[in-house]
């Protein structure tokens, strides 16, 4: 459709038609492919710009538009700066939504059809949006050409001992009938369907990410200043390294000792009970020999615990619950019998699934002890000084020293058993035998030495990070390339049989049943043991889609290579990614998994770097009706329909102008109409220029040239700081200044007007590429403005001839002065003292102090 506007400048209808302009330039870009990355013979410096790839769940919406608008700004900017830019696009196309859509469609539906139909719509939308992708590098993770290398990666991890199976409690969605990552559990419910999540024990495949915990944590130091601090902090907290000791406890009636991890082994003398995770194998073992009443109470408690998420169990404001198991542990340094309880605040997969409870010095243990009337023993005197600092002696009004202990609570008054507040501060050890009198630091060293000598403990580290659970009991994912033999072995699928592709879904019931639908594909499941030739079964689970996205940035380097997952030589040329752009919702798991896989590939000698993304940009969310846009919530503005009127360029400009990249945007507050009017004004400027391209710019109006060159000078740093809204605002200023010059003096033929119009077109290309191309053509140049080198500002035009100085009196602005840009401080102060407005404001008061920051500020303080 065509849109007609009236401009105040001409008073007549102009011909700015955004939809027609879009169609024209998209066709030319499709034919010429100007944004394809250069090959190995391209000598330009390289930049790899990547947006987190989309999931094809219906059409895109404005939340996606924001992300990919920002990606395109960065990619176009570096092309203008003379770089060979790689800016690819692909689709994270396996996953639950496609499978659920097929289930909803009934018999004969296939997730493939839904997935690739949506991908086609996405591609159409991206082209209409004017995204400058290298369309020769498109990938879909659900293609066999991609899943083959997913399986290859699995086998490489298996060979290195990093892929393994084990039985453990997992987050289970009873509706979707599949396991969930912790990130996919929101307030105890499934992120996708809203069902209440429970714990369930399953034998699953894991990647041993914990082997890389220290490197994942320590290498975050490389990313300081290049990743948002919030994301770095979230990753550090997720990994959660703790330093302390492993301590071995004897259990009455059990031959094998139980090891617990503690960050405070110095408080071992204060341990008064022992706690195990109710959903751990240890708890089940300990209660097995108990009387029937204990077993019954334990089972009822376990049933309740399995309805809770790990996050809920770790909440500090929940009342403490538990059940005594009728068993006792022996404190290795005191010999005391410690009653063993099962309590939900201990997790089965943290440390060793058991803790020694020191209620006097741990708030959770104290809350539990008070709830069940368990003993509390203080072993750290927090009122005792721990440093050799000289105390400050205070005097009363009569000059008599004040007793420093007079107003200090005594240890008896701070007794946690009575106050309910654990003593967690520094102090000196008491009631701790050989540790008495030591500070915490020295006591930790001494107790570890004591435990090591006795053979009952050792220094250790523990992590909050858990191994990566990759099994999914669903159809639409990468099949796990393992074979289960008749004699119970689990062996890899021979590599020459990859890719192991999915069977036809139309013959399967995909409805969730607790096991993968692949298990019902009898013919597909049947295979042979590669070692014996005997009948065997395939693994029925598929991989977590986080595996797909953990290395896709490398596959983009040559997605059509049938001989290897990626070329190490291409990885050396392009990777790591220079600028990675996407939502903060992936701040933990996706980024953590990509970092892990990159480190594994580094250890394999396939890449020369250890971090996949050199720089990370997180954009804010696009809100509608106060909530994040989401197809599942039904609150979205579709991408495709918004690009008809007011046009793709107006949408892109409106998004860029809405605010800082990292801030959330309320779509109701975004003015695409205002953006369209601005673009019509810019377009009109180019069409009103009457000088020839060969004109000498230096002959033009100097004041307009100063505005143009100041923007050339400032825009690069603003773009690199992702201050896109500021650049758009400055473009608007330049358009207005150029319009004023055209309509008045010096007129449309002035060389400075042409120079300004060309600058507008080139910089506008970052935000509104269709309009920019149309302007460039109107100015008499060949396509494409998107690959034209950035112009350098003339330094002589950046020197300000005059500036506005502010005069303050007692902190309030009382006047302004127009002064030379290079005025001295003395001259500026003299002018301020002589200014009539300043003198009136002083009203005869004496200036006691003057602070001058030439040429911008004079600040007077009166007596």
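Residue numbers (the numbering used here): 221 to 1083. We put the CB at the ideal spot given by N, CA and C, even for glycine.
N-terminal and C-terminal residue of the beta strand (DSSP E) that residue i is part of
i: residue 562; result: 557 to 563
i: residue 576; result: 574 to 577
i: residue 1070; result: 1067 to 1073
i: residue 496; result: 493 to 496
i: residue 306; result: 304 to 306
i: residue 271; result: 266 to 271
i: residue 1080; result: 1077 to 1082
Own chain partners of residue i with C-beta closer than 6 Å, once the 5 adjacent residues on each side are dropped
i: residue 732; result: 396, 397
i: residue 1071; result: 1079
i: residue 804; result: 838
i: residue 194; result: It is not possible to answer for residue 194, since the shown part of the chain is limited to 221 through 1083.
i: residue 1017; result: 925, 926, 929
i: residue 595; result: 492
i: residue 547; result: 506, 560
i: residue 608; result: Below a pLDDT of 50, predicted positions are generally treated as unreliable, and residue 608, at 48, falls in that range; no measurement from the model is reported.
Residue i, DSSP secondary structure in three states
i: residue 452; result: helix
i: residue 1039; result: strand
i: residue 581; result: coil
i: residue 311; result: strand
i: residue 457; result: helix
i: residue 540; result: coil
i: residue 548; result: strand
i: residue 613; result: Confidence at residue 613 is low in this model, with a pLDDT of 46, below 50, so the placement of that residue is unreliable and no value is reported for it.
i: residue 1021; result: coil
i: residue 843; result: strand
i: residue 346; result: helix
i: residue 235; result: coil
i: residue 589; result: helix
i: residue 712; result: strand
i: residue 383; result: strand
i: residue 733; result: coil
i: residue 597; result: coil
i: residue 955; result: helix
i: residue 474; result: strand
i: residue 256; result: coil
Residue i: CB within 6 Å of a non-hydrogen atom of the ligand GTP
i: residue 1053; result: The ligand GTP is absent from the structure shown, which contains no ligand whatsoever.
Extent of the continuous alpha helix (DSSP H) run through residue i
i: residue 505; result: 501 to 508
i: residue 282; result: 282 to 300
i: residue 525; result: 512 to 525
i: residue 246; result: 238 to 252
i: residue 378; result: 364 to 379
i: residue 991; result: 989 to 998
i: residue 862; result: 859 to 862
i: residue 1057; result: 1056 to 1062
i: residue 971; result: 971 to 984
i: residue 873; result: 868 to 877
i: residue 319; result: 316 to 325
Proximal residues to residue i (C-beta, below 7 Å), its chain only, five neighbours per side dropped
i: residue 1068; result: 1081, 1082, 1083
i: residue 808; result: 403, 454, 455, 458
i: residue 687; result: 426, 427, 428, 429, 430
i: residue 314; result: 361, 362, 696, 697, 698, 765, 768
i: residue 868; result: 242, 348, 349, 350, 990
i: residue 587; result: 540
Per DSSP, cross-strand counterpart(s) of residue i
i: residue 466; result: 481, 678
i: residue 447; result: 444
i: residue 602; result: DSSP output for residue 602 lists no bridge partner at all.
i: residue 360; result: 311
i: residue 341; result: According to DSSP, residue 341 bridges with nothing at all.
i: residue 746; result: 757
Proximal residues to residue i (C-beta, below 8 Å), its chain only, five neighbours per side dropped
i: residue 304; result: 257, 258, 262, 264, 265, 266, 267
i: residue 433; result: 459, 461, 683, 685
i: residue 979; result: 928, 931, 932, 954, 1011
i: residue 269; result: 291, 294, 295, 298, 305, 306, 307, 797, 798, 799, 801
i: residue 344; result: 860
What residue ranges within the region 887 to 947 form continuous alpha helix (DSSP H) runs of no fewer than 4 residues, ordered along the chain?
-> 892 to 908, 922 to 940
Ignoring anything shorter than 3 residues or poking outside the region 750 to 823, list the beta strand (DSSP E) runs there in chain order.
-> 755 to 758, 799 to 803
Segments of 3+ residues assigned as beta strand (DSSP E) that fall wholly inside the region 385 to 439 = 398 to 400, 418 to 427
Minimum length 4: unbroken alpha helix (DSSP H) runs contained in the region 631 to 709 = 636 to 639, 660 to 674
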